[in-house]
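Heads up, the thing below is written out as structure tokens.
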Amino acid sequence: MSRRPTTYAPSPDVIVVGAGPAGAVVARRLAEAGADVLVLEAGPDTRDLRRLPALTLPLHAEDPRARPIDARVPSGETLGLWRGRGPGGSGAINGAAWTPAPREVIETWTGFDPRRYDDGLARAEAVMAPAEVSASPLAEELANTLGIPLQPGRLTIETGGERRDPWTAYAPEPAGARLRCDARVRELILSPATPDGPHSSTSVGGVVLDDGERLGSPAVVLAAGAIDTAHLLLGAADNAATMMDPAHNAALRSVGADAREHPEVLLDVPAPLHAMLSASPQGILGARIPLAIGGRRLEIRPYETAFHKAIPGLPKMAPQIGIALLDPRSASTVDAAVRLEARPDASDRQALDAGAELVSGALSTLAGGRGRPAGEEVRRHTGYSQHLYGTAAMGTVTDAGGRIEGLGGLRVADASILPPGLGAGPYASVFAVAEAVSESIASDMRDGLAR
Numbered sequence: 001m002s003r004r005p006t007t008y009a010p011s012p013d014v015i016v017v018g019a020g021p022a023g024a025v026v027a028r029r030l031a032e033a034g035a036d037v038l039v040l041e042a043g044p045d046t047r048d049l050r051r052l053p054a055l056t057l058p059l060h061a062e063d064p065r066a067r068p069i070d071a072r073v074p075s076g077e078t079l080g081l082w083r084g085r086g087p088g089g090s091g092a093i094n095g096a097a098w099t100p101a102p103r104e105v106i107e108t109w110t111g112f113d114p115r116r117y118d119d120g121l122a123r124a125e126a127v128m129a130p131a132e133v134s135a136s137p138l139a140e141e142l143a144n145t146l147g148i149p150l151q152p153g154r155l156t157i158e159t160g161g162e163r164r165d166p167w168t169a170y171a172p173e174p175a176g177a178r179l180r181c182d183a184r185v186r187e188l189i190l191s192p193a194t195p196d197g198p199h200s201s202t203s204v205g206g207v208v209l210d211d212g213e214r215l216g217s218p219a220v221v222l223a224a225g226a227i228d229t230a231h232l233l234l235g236a237a238d239n240a241a242t243m244m245d246p247a248h249n250a251a252l253r254s255v256g257a258d259a260r261e262h263p264e265v266l267l268d269v270p271a272p273l274h275a276m277l278s279a280s281p282q283g284i285l286g287a288r289i290p291l292a293i294g295g296r297r298l299e300i301r302p303y304e305t306a307f308h309k310a311i312p313g314l315p316k317m318a319p320q321i322g323i324a325l326l327d328p329r330s331a332s333t334v335d336a337a338v339r340l341e342a343r344p345d346a347s348d349r350q351a352l353d354a355g356a357e358l359v360s361g362a363l364s365t366l367a368g369g370r371g372r373p374a375g376e377e378v379r380r381h382t383g384y385s386q387h388l389y390g391t392a393a394m395g396t397v398t399d400a401g402g403r404i405e406g407l408g409g410l411r412v413a414d415a416s417i418l419p420p421g422l423g424a425g426p427y428a429s430v431f432a433v434a435e436a437v438s439e440s441i442a443s444d445m446r447d448g449l450a451r
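Each residue of the sequence shown is one higher than the last, beginning at 1 in this note's numbering.
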């Protein structure tokens with residue numbers, strides 16, 4: 001891997017923590033606005049690695065772009081939540097599916113004007129260029145059998161099928177932002193409120209790296225992802241500076257207490273239907289089928305290929321259909337540990353079971369018409385979409401601009417601030433909200449206001 005010469009200003013205008021999707025957006029937009037931006041990325045410099053096709057998920061320890069974070073599930077078992085490392089973050093390793101949140105969901109976000117989402121999404125789509133992909137014959141037949149229209153799939157892929165990673169697409173460095181990899185932030189530098197002085201609230205004045213190096217800045221934007229951002233905020237709750245302000249400290253201590261993960265049931269596709277998969281799929285997931293059961297929002301996902309063909313090291317398995325719950329009520333928690341469905345809501349599993357039964361019946365009908373023995377059971381597996389979000393949701397911990405009351409100089413701009421019940425995978429919404437937060441920060445900069 002080649003080395004890239006880099007220099008760092010002693011005190012940039014803005015420090016962005018994380019070079020994933022949100023970090024790429026914020027760094028580009030604030031650099032364009034004239035700010036001196038330094039991006040700190042915990043992972044290695046992976047910019048010179050070959051970009052992978054969207055059909056490949058490099059979810060294994062040997063790939064420097066990916067890392068697993070242990071999460072406890074209700075059965076007591078440990079699940080690895082895969083997250084990206086290096087520039088591009090999870091956007092360089094995920095399925096590249098682009099599904100914006102429904103308008104009726106965005107309209108419920110506290111203090112957030114839905115037009116900001118629309119504008120942010122439009123700016124993001126101009127950069128990420130999601131392309132519509134064709135549905136497989138299986139997806140079309142399944143939708144026809146269920147009597148539900150297909151929702152076209154869109155993927156952020158290049159013309160050659162490679163995943164369009166956010167850091168490359170947004171290109172913050174040509175705009176003037178600087179990147180420092182292998183720079184994991186350990187904690188925020190905090191100064192207590194001074195009622196008779198210049199700071200009426202606790203202020204963030206920079207960050208401390210793992211090796212103890214201190215980097216000062218009047219503005220810090222957290223874009224490290226729902227888990228790592230939560231850990232930094234929880235660390236701030238234990239800082240003496242915030243403990244002097246009990247009301248605002250309580251908000252920090254609520255970080256990670258009401259997160260969401262999308263539970264998903266996977267059904268093995270019966271053998272007679274394997275020939276109906278796409279001959280040349282462009283990604284793991286193409287079209288999808290929206291499903292409403294008892295007022296709950298679900299999504300049927302006809303995966304385009306068997307997962308062992310996409311993820312190195314997996315044993316051979318059948319292709320699968322996913323049924324995901326997009327408005328879970330079960331709360332996941334993030335503190336020193338990550339616990340999925342830590343506070344379960346029985347209605348979630350009831351909705352998933354009903355969806356799985358419906359799809360299983362449709363698969364049996366389709367397979368029965370192709371020689372499969374009647375009544376043969378469709379195998380079922382329980383899992384998660386790996387979409388954890390909402391650890392510092394707007395309306396509870398943050399406001400619509402990513403601010404935390406009582407903590408000056410700090411913004412949050414990643415999946416942490418997405419509210420529960422998103423109604424879609426979070427990827428597109430991360431970009432839309434990061435664009436909105438960036439515009440809010442840039443507006444404050446133009447007005448000469450404290451960040």
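Quick reminder that beta carbons are idealized off the backbone N, C-alpha and C, glycines included. None of these values were measured; they are calculated from a predicted model.
- A straight-line Cα-Cα distance of about 20 Å links Glu187 and Val26.
- When the beta-carbon positions are compared, Arg83 and Ile69 come within less than 8 Å of each other.
- DSSP places Tyr427 inside the alpha helix (DSSP H), whose first and last residues are Tyr427 to Asp447.
- By the Cβ neighbour-count rule, Arg65 is buried, with 16 or more other Cβ atoms within 10 Å of its own.
- Scanning the stretch 180-255 from its first residue to its last, the whole beta strand (DSSP E) runs of 3-plus residues come out as 185-191, 202-209, 214-216 and 220-222.
- By the Cβ neighbour-count rule, Gly423 is buried, with 16 or more other Cβ atoms within 10 Å of its own.
- For Arg115, the three-state secondary structure derived from DSSP is helix.
- At the C-beta level, Ser347 and Leu340 stay beyond 8 Å of one another.
- One alpha carbon belongs to Ala306, the other to Ala318, and they sit about 6 Å apart.
- DSSP, reduced to helix, strand and coil, places Asp399 outside both helices and strands of the structure shown, so it counts as coil.
- Rounded to whole angstroms, the gap between the alpha carbons of Leu366 and Gly95 is 27 Å.
- Rounded to the nearest whole angstrom, the CA to CA distance from Lys316 to Gly235 is 42 Å.
- Following the DSSP letters along the chain, one finds His308 inside the alpha helix (DSSP H) bounded by residues Phe307 to Ala310.
- Of the candidates Arg379, Gly322 and Arg297, Gly322 places its Cα closest to the Cα of Leu142.
- Beta-bridge pairing by DSSP links Trp82 to Pro68.
- In this structure the stretch 234-250 does not touch the stretch 272-279; the number of beta carbon pairs closer than 8 Å is below three.
- With 16 or more neighbouring CB atoms inside 10 Å of its own CB, Arg29 falls in the buried class.
- In this structure, DSSP gives Ile157 an extended state, which the three-state scheme calls strand.
- Where Val14 is concerned, there is no enclosing alpha helix (DSSP H), although the beta strand (DSSP E) around it starts and stops at Val14 to Val17.
- Per the C-alpha coordinates, the member of Asp345, Glu125 and Leu179 positioned closest to Gly20 is Leu179.
- Counting only the Cα atoms, Thr78 lies some 26 Å from Gly18.
- Relative to Asp228, the option among Val185, Gly212 and His262 whose CA is nearest is Val185.
- Excluding five sequence positions before and after Arg349, none of the CB atoms of its chain fall closer than 6 Å to its own CB.
- Sequence-distant Cβ neighbours of Pro74 in its own chain, meaning closer than 7 Å and more than five residues away, are Glu341 and Pro344.
- Its Cα nearest to that of Arg164, the residue Ala129 stands out among Thr391, Ala129 and Gly355.
- When Val359, Gly425 and Arg380 are compared, the shortest CA-CA separation from Gly147 is found for Val359.
- When Cβ pairs closer than 8 Å are counted between the two stretches, the stretch 38-46 is seen not to touch the stretch 295-303, the count staying below three.
- Closest in alpha carbon position to Glu261, among Ala183, Gln386, Glu173 and Leu215, is Gln386.
- Rounded to whole angstroms, Ala392 and Gly369 show a C-alpha spacing of 49 Å.
- Contact check for Asp258 and Arg297: beta-carbon distance about 18 Å, past the 8 Å limit, so the pair fails to qualify.
- Around the CB of Ala292, fewer than 16 other CB atoms lie within 10 Å, so the residue is classed as exposed.
- Counting along the chain, no alpha helix (DSSP H) covers Ala101, and no H or E run does either.
- Check the Cα spacing between Leu277 and each of Gly88, Asp210 and Ser134: the tightest is with Ser134.
- In this model, Gly283 and Pro137 are separated by some 15 Å (Cα to Cα).
- Across the set Gly313, Ile289, Arg329 and Arg403, the C-alpha of Ile289 shows the shortest separation from the C-alpha of Pro149.
- Cβ contact annotation for Ala356 (same chain, cutoff 8 Å, sequence separation greater than five): Val265, Leu267, Ile323 and Arg380, in chain order.
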